[in-house]
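The sequence shown begins at 1093 in the numbering used here and counts up by one. Report on the structure given below.
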Amino acid sequence: MRRTITGFSNPAVKFLRSLRDKKYRKREQRFLAEGLRLLTDAREAGRLPELLAMSSTRTPHPLLDALEADVAAAGGDVIEMDEALLAKITGKDNPQSVCGVFAEWGTSLAQIDRVAAPIWLVAQALRDPGNLGTLLRTGDAVGAGGLILIDDCADPFSVEAVRASMGAIFTQAVAQANWAEFIAWLRQGAGQLVAASLRDAQPYRGAPYAAPCFILIGNESRGLPQDYEHACDLRVTVPMLGRADSLNAAVAGAVLAYEALANLKP
């Protein structure tokens, strides 16, 4: 049943606002997602919010009606509030008309089925949530299995990363591990580790990519540690024809992912 909230001091409003802070997300094991398109992607991927918050001035839409009905049928909570309250929750002056609270899911390497997809993206010490979300979106676009986060990365369940993923947080597997855990796991089965590098590298065009291919992207400012690069099975170089000496991390991931997709050998 839908209920209406009118006050800033309401516990539900305080709870929703708290999920913008990593400390509270981790404590509650919950995260916030905004917008009808993103929540519809989640619904189509089999994930429903536990709590659905809607603006009282929203424009009617059949997808929103279907989402509300499914959340209610699953025993979730549906609340309505004015736009000013929703803006307090999302931190945006012009908030989306709907947002939802989702339970976080496990991010251990044990959940990854490496042969479920030909390509996987791997990010090391990626600090920008926008880049993280963009890599998730890229993974969805190239049919990757998911994104593996190595060492100290941005939180994949932050509002910024979820927003930048454009719904791919719900379609891509996400795993988190340190380097030692990841490399030990990778070497237990099939998997080619590929990185952009200047060390003993070959041109990225037509390189001998092999499935399952794990494309390793380094930190935005420092790149990959040298020993991480040495551990790769294939190092490739992308030509830089202007004054810039490197690509944005998420852009580099997209370039390599599409090239690998075009040249993968089983």
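Note that beta-carbon positions come from the ideal geometry of N, C-alpha and C, so glycine has one too.
- Annotation for Phe1306: the continuous beta strand (DSSP E) segment containing it runs 1305-1309.
- When C-alpha distances from Val1251 are compared across Gly1099, Leu1108, Ser1101, Arg1094, the shortest belongs to Leu1108.
- Beyond the five residues adjoining it in sequence on each side, Tyr1116 comes within less than 7 angstroms, by CB distance, of Ser1110 in the same chain, given in chain order.
- Check the Cα spacing between Pro1304 and each of Gly1298, Ala1164, Glu1312, Leu1285: the tightest is with Leu1285.
- The beta carbon of Val1343 sits closer than 7 angstroms to no other beta carbon from its chain once the five residues preceding and following it are set aside.
- The alpha helix (DSSP H) runs of length 4 or more contained entirely in the region 1193-1238 are, from start to end of the chain, 1221-1234.
- Contact check between the region 1212-1223 and the region 1305-1315: three or more CB pairs, one atom from each, fall below 8 angstroms, which counts as touching.
- Secondary structure at Arg1122: strand, using DSSP grouped into helix, strand and coil.
- Judged by pairs of C-beta atoms under 8 angstroms, the region 1237-1250 does not touch the region 1100-1107, as fewer than three such pairs exist.
- Distance from Ala1267 to Ile1240 at the Cβ level is roughly 5 angstroms; contact confirmed, criterion being Cβ atoms closer than 8 angstroms.
- Taking 8 angstroms as the upper bound for CB-CB distance, Asn1355 and Gly1298 are in contact here, some 6 angstroms apart.
- Three or more Cβ pairs closer than 8 angstroms define a contact, and the region 1171-1185 meets that threshold against the region 1135-1154.
- Using a C-beta cut-off of 8 angstroms, the region 1174-1185 makes no contact with the region 1225-1236, since fewer than three inter-stretch Cβ pairs fall below that distance.
- Residue pairing from DSSP places Pro1295 in a beta bridge opposite Thr1329.
- A distance below 8 angstroms separates the beta carbons of Gly1225 and Ser1257.
- Of the other Cβ atoms in all chains shown, 16 or more fall within 10 Å of the Cβ of Phe1274; this residue is therefore buried.
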